[in-house]
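Numbering (the numbering used here), first residue to last: 109 to 332.
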Amino acid sequence: MNPAELEKKIGYSFNNKELLLNALTHSSYANEHSVHEMCNERLEFLGDSVLGFITAEYYYAFFSHRPEGELTKLRAQTVCEKSLFAFAKQINLGSFLRLGKGEIATGGADRPSIVSDGFEALIAAIYLDGGMDAAKDFVLRFLKTASNVTEEVRDYKTILQEIVQKNPGEELTYVHIGESGPDHDKRFEVEVHLNSNIIGKGIGRSKKAAEQAAAKEALSLMGL
Numbered sequence: 109m110n111p112a113e114l115e116k117k118i119g120y121s122f123n124n125k126e127l128l129l130n131a132l133t134h135s136s137y138a139n140e141h142s143v144h145e146m147c148n149e150r151l152e153f154l155g156d157s158v159l160g161f162i163t164a165e166y167y168y169a170f171f172s173h174r175p176e177g178e179l180t181k182l183r184a185q186t187v188c189e190k191s192l193f194a195f196a197k198q199i200n201l202g203s204f205l206r207l208g209k210g211e212i213a214t215g216g217a218d219r220p221s222i223v224s225d226g227f228e229a230l231i232a233a234i235y236l237d238g239g240m241d242a243a244k245d246f247v248l249r250f251l252k253t254a255s256n257v258t259e260e261v262r263d264y265k266t267i268l269q270e271i272v273q274k275n276p277g278e279e280l281t282y283v284h285i286g287e288s289g290p291d292h293d294k295r296f297e298v299e300v301h302l303n304s305n306i307i308g309k310g311i312g313r314s315k316k317a318a319e320q321a322a323a324k325e326a327l328s329l330m331g332l
């Protein structure tokens, strides 16, 4: 596909088109065409660091209640191959990569390792071409809708607990009130109580998920 189509998809137009072409060039293509300097591996290296910084800064600012260990876990979940591959598929990045004949024949355009590396290279290319603000704009559009970490990031139980702890003497408890469905597809139902009052109910595939759903409802009823 024409790289110009990718620019439309990502909403960014490169001043230096060679940077974009470099980001899209896999080593297999570079080796076949003797253009080793065009391989995207160096950009991938840089993009990994740029992505890590943007992600860390975002989580640090947005989730101020989370300790360092949890922020590290969240960042790791976001920048892992699985997540990057999912991000890259949103812009159909695999179809724009320049691959060698062997990689094309074996489905390289759909291989998570290749496509996720290309995504990091693209981040670096945007950073070098437009600066950190441009790179942030690109990365944050994915971070803010990262479905694979959203529920993990929004730890409703922790948020609710922190709110309740501001009032000494208040106590939260989660009460398992039932379950339904076959063993391979169980549904658990949980109530969250504030002292003796029910403030939320939740259903989930596990007790933990049901508790999170109950806490989420409680926060919603509080207007949070």
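Here a beta-carbon is modelled for each residue, glycine too, at the ideal position from N, C-alpha and C.
Keep in mind that this is a model prediction, so the values were computed, not measured.
Asked                                                                                                                                                       : Found
Since GLY308 is in the beta strand (DSSP E), which residue starts that stretch and which ends it?                                                           : 305-312
Below 6 Å CB to CB, which residues in the same chain sit around ASN256 once its five sequence neighbours on both sides are set aside?                       : Caution is warranted here: a pLDDT of 45 is assigned to ASN256, below 50, making its placement in the model unreliable, and no coordinate value can be reported.
Cβ atoms of LYS265 and GLN320: under 8 Å apart, would you say?                                                                                              : yes
Going by alpha carbons, who is nearest to ALA254 out of LEU182, ASN200, LYS309 and GLN269?                                                                  : LEU182
Near PRO111, what residues of its chain come up, given a Cβ to Cβ distance below 8 Å and the 5 sequence neighbours on each side ignored?                    : LYS125, LEU128, LEU129, LEU132 and PHE204
In angstroms with no decimal places, state the Cα-to-Cα distance between ALA242 and ARG150.                                                                 : 19 Å
Between the Cα of GLY334 and those of LYS294, PRO290 and SER304, spot the shortest distance and give me the residue it belongs to.                          : What is shown of the chain runs 109 to 332, which leaves residue 334 out entirely.
For HIS292, tell me which candidate among ARG313, ARG174, LEU230 and LEU236 has the shortest Cα-Cα distance.                                                : ARG313
Classify TYR167 as buried or exposed, calling it buried when 16 or more other Cβ atoms lie within 10 Å of its own Cβ.                                       : buried
In or out: ASP237 buried (at least 16 other Cβ within 10 Å) or exposed?                                                                                     : buried
Once the 5 residues before and after VAL298 are set aside, which same chain residues still bring their CB inside 6 Å of it?                                 : TYR282, HIS284, GLY310, ALA318, GLU319 and ALA322
Using C-beta distances below 6 Å, list every residue in its chain close to LYS324, excluding the 5 sequence neighbours before and after it, in chain order. : TYR264
If you reduce the DSSP assignment to three classes, tell me which class ASN207 lands in.                                                                    : A small correction: the amino acid at residue 207 is Leu; Asn does not occupy that position in the sequence shown. Of the three classes helix, strand and coil, the one that applies to LEU207 here is coil, per DSSP.
Starting from the Cα of ALA217, find the closest Cα among LEU230, ALA232, LEU201 and ILE231 and give me that residue.                                       : LEU201
DSSP state of SER255, grouped into three classes?                                                                                                           : For SER255, the predicted structure reports a pLDDT of 47, less than 50, and the residue's modelled location is therefore unreliable. A value from the coordinates is still provided. Helix, per DSSP.
Less than 8 Å between C-beta atoms, sequence neighbours within five positions excluded: which residues of the same chain meet that for GLU115?              : SER121, PHE122 and LEU128
Strictly by DSSP, which residues pair up with TYR282?                                                                                                       : VAL300
Which term fits GLU152, buried or exposed, when burial requires 16 or more other beta carbons within 10 angstroms of its beta carbon?                       : buried
Quick one: which unbroken beta strand (DSSP E) runs of 3-plus residues sit fully inside the stretch 182-244? Chain order, please.                           : none
For SER142, which three-state DSSP category applies?                                                                                                        : coil
Within a Cβ cutoff of 8 Å, which residues of the same chain sit near VAL187, ignoring the five residues on either side of it in sequence?                   : ASP156, LEU159, GLY160 and THR163
So, is ILE234 buried or exposed, given that buried needs 16 or more other C-beta atoms within 10 angstroms?                                                 : buried
Compute the Euclidean distance between the alpha carbons of VAL223 and GLN269, then round it to the nearest angstrom.                                       : 40 Å
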